[in-house]
Amino acid sequence: MYKISSIILVKALLIFLFINKSTYAANNDYKSLANSYADLVSHYYNAVALSTKEMNDAIIKFIQAPDNNSLINAKNKWIEARIVYGITEAFRFYGGPIDGVNKYGEEGPEGLINAWPLNEAYIDYVQGNPESGIINNMSIEINAETIIAANMSEDDADVSTGWHAIEFLLWGQDFSLETAGIREASDYLPTNEVNVRRRAYLVATSTLLLEHVNWLAEQWSENGEGRKSFIAKEDPGGAILTGIATLAGFELSSERIATALDSGDPEDEHSCFSDQTHNDVKANFNGIKNVYLGKGQNGKSFKPSISEFVMENDIKLHENIMQVINTTDDTINNITVPFDKMLSEPINGLGRQAAEKTVSNLLVLAENFKEAGKNLNWNVIIAE
């Protein structure tokens with residue numbers, strides 16, 4: 016009798032779990048999806064805020080005592096923070112706090128955080144022009160206000176702040192296929208007026224970046240305006256899929272990989288000064304994957320995710336998506352590092368072929384996301 020009862024209980028539990036798992040799409044439980052996604056976004060922006068603070072602290076320590084060791088530490092902290100930020104680019108393209116326009120007509124800070132490509136001569140000296148840039152223009156005061164005002168003021172490449180401005184200030188120009196830029200720590204010794212201005216510029220733009228990512232973390236906090244606005248959306252699933260479909264089908268595949276493949280110009284790679292473009296690609300793709308599966312750091316899960324809805328609606332489509340995700344993981348890992356070295360390879364080079372295949376996979380993945388949205392009656396638009 017005891018064994019029979021146990022079997023009945025196990026079967027009942029399995030039935031309960033199956034029914035519970037199969038209710039999200041059937042019941043149009045978009046509120047649960049919106050809340051779990053908002054928790055995921057908050058989780059990652061908090062991680063970005065923490066890692067960016069560590070970078071900012073390292074930069075301040077470097078300025079206080081400029082030497083090779085403190086410069087290397089600042090660079091390493093930039094790389095660590097940059098990788099975490101790259102994941103959050105999957106939260107773009109649907110009018111959220113990062114790149115949307117709020118009710119006051121104010122644009123999100125994306126252009127101040129991650130604008131590229133960057134005309135390095137707009138900021139500081141470059142090969143062949145030792146007196147170029149804002150830093151060498153003594154008529155411009157170095158502070159947060161002037162740096163923000165200068166950002167893309169006349170040309171989109173005239174980027175004055177954000178990740179890539181800091182990257183250039185730490186690494187300098189990159190002239191080698193084997194190594195990243197090699198800026199000397201002596202550029203930051205307070206031995207002349209230009210160096211003093213360069214020191215002030217690096218600290219100001221690093222501090223600005225920290226302020227901007229802290230603002231994003233606040234927007235997605237429990238009582239943040241960005242979170243409230245997202246949860247109030249009638250079609251949160253469409254917004255989520257639009258974000259990852261656009262990153263896969265346009266921004267990452269086309270702008271960040273294919274453009275550089277077509278031109279062969281290292282200036283078209285995303286993080287060209289530090290040779291970290293391969294990590295940019297990995298982080299962006301991990302962002303896509305993490306949003307689809309509801310995956311956070313250290314094994315944390317945020318459910319329901321988009322994948323639960325797709326599985327319930329069309330298990331075959333979900334399997335196709337997972338197959339493309341797994342294949343793309345492999346192709347990304349086979350891209351030659353550093354990225355600019357891959358650009359110099361012949362068309363049939365293995366690393367270059369891996370990059371080409373990555374582009375193809377991302378385009379397929381974007382179409383799969385669009386199909387999933389259509390099946391679920393969600394509005395998915397790949398922005399270009």
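Just add 15 to the spot in the sequence shown (first one is 1) and you have the numbering used here. Where is the CB? At the ideal position from N, CA and C, for every residue including glycine.
- Residue pairing of Asn144 in beta bridges, as defined by DSSP: Val141.
- A check of alpha carbon separations from Lys315 across Asp54, Ala49, Ile98 identifies Asp54 as the nearest.
- Restricting attention to Tyr52, Ser168, Ala130, the CA atom closest to the CA of Ser286 is found in Ala130.
- Within its own chain, the residues whose Cβ lies closer than 8 Å to the Cβ of Ser236, once the five positions on either side in sequence are excluded, are Ser57, Arg242, listed in chain order.
- Per DSSP, the unbroken alpha helix (DSSP H) holding Arg97 starts and ends at 83-102.
- Beta-bridge partners of Glu122 (DSSP): Val116.
- Between Gly252 and Leu391, the CB-CB gap stays under 8 Å.
- Shown here, Lys315 sits in coil according to DSSP, grouped into three states, outside any helix or strand.
- Taking the Cβ atoms as the reference, Ala195 lies roughly 15 Å from Asp202, outside the contact range of under 8 Å.
- Residue state for Lys248 is assigned as coil, using DSSP reduced to three classes.
- For the set Leu217, Ala200, Ile181, the Cα lying nearest the Cα of Asn84 is the one of Ala200.
- Looking at the DSSP output, Lys310 sits in a beta bridge with Ser316.
- Residue range 45-79 is occupied by the alpha helix (DSSP H) that includes Asp72.
- When the alpha-carbon of Glu360 is set against those of Asp173, Gly177, Ser278, Lys318, the nearest one is in Ser278.
- Contact between the region 103-115 and the region 86-93 is absent: fewer than three C-beta pairs spanning the two stretches fall below 8 Å.
- Selection Lys356, Ile149, Asp170, Glu208 evaluated against Thr161 yields Ile149 as nearest (Cα-Cα).
- Glu240 and Ile246 have their C-alpha atoms roughly 10 Å apart.
- Contact between Met70 and Ser221 is confirmed by a C-beta separation of about 7 Å, below the 8 Å threshold.
- Note on Ala80: under 16 other CB atoms within 10 angstroms of its CB, so exposed under the neighbour-count rule.
- For Pro205, the closest C-alpha among the options Tyr100, Phe77, Thr67 is that of Phe77.
- About 4 Å separates the CB atoms of Thr292 and Glu284; that is less than 8 Å, so the two are in contact.
- Selection Ile321, Glu327, Asn376, Val228 evaluated against Ser66 yields Val228 as nearest (Cα-Cα).
- Rounded to whole angstroms, the Cβ separation of Leu127 and Ile163 is 7 Å, and the two are in contact under 8 Å.
- Leaving aside the five residues that flank Asn328 on each side, the residues in its chain whose CB is nearer than 8 Å to its CB run, in chain order, Ala40, Ala387, Asn390, Leu391.
- Classified as exposed, Gly143 has fewer than 16 neighbouring CB atoms from the shown chains inside 10 Å of its CB.
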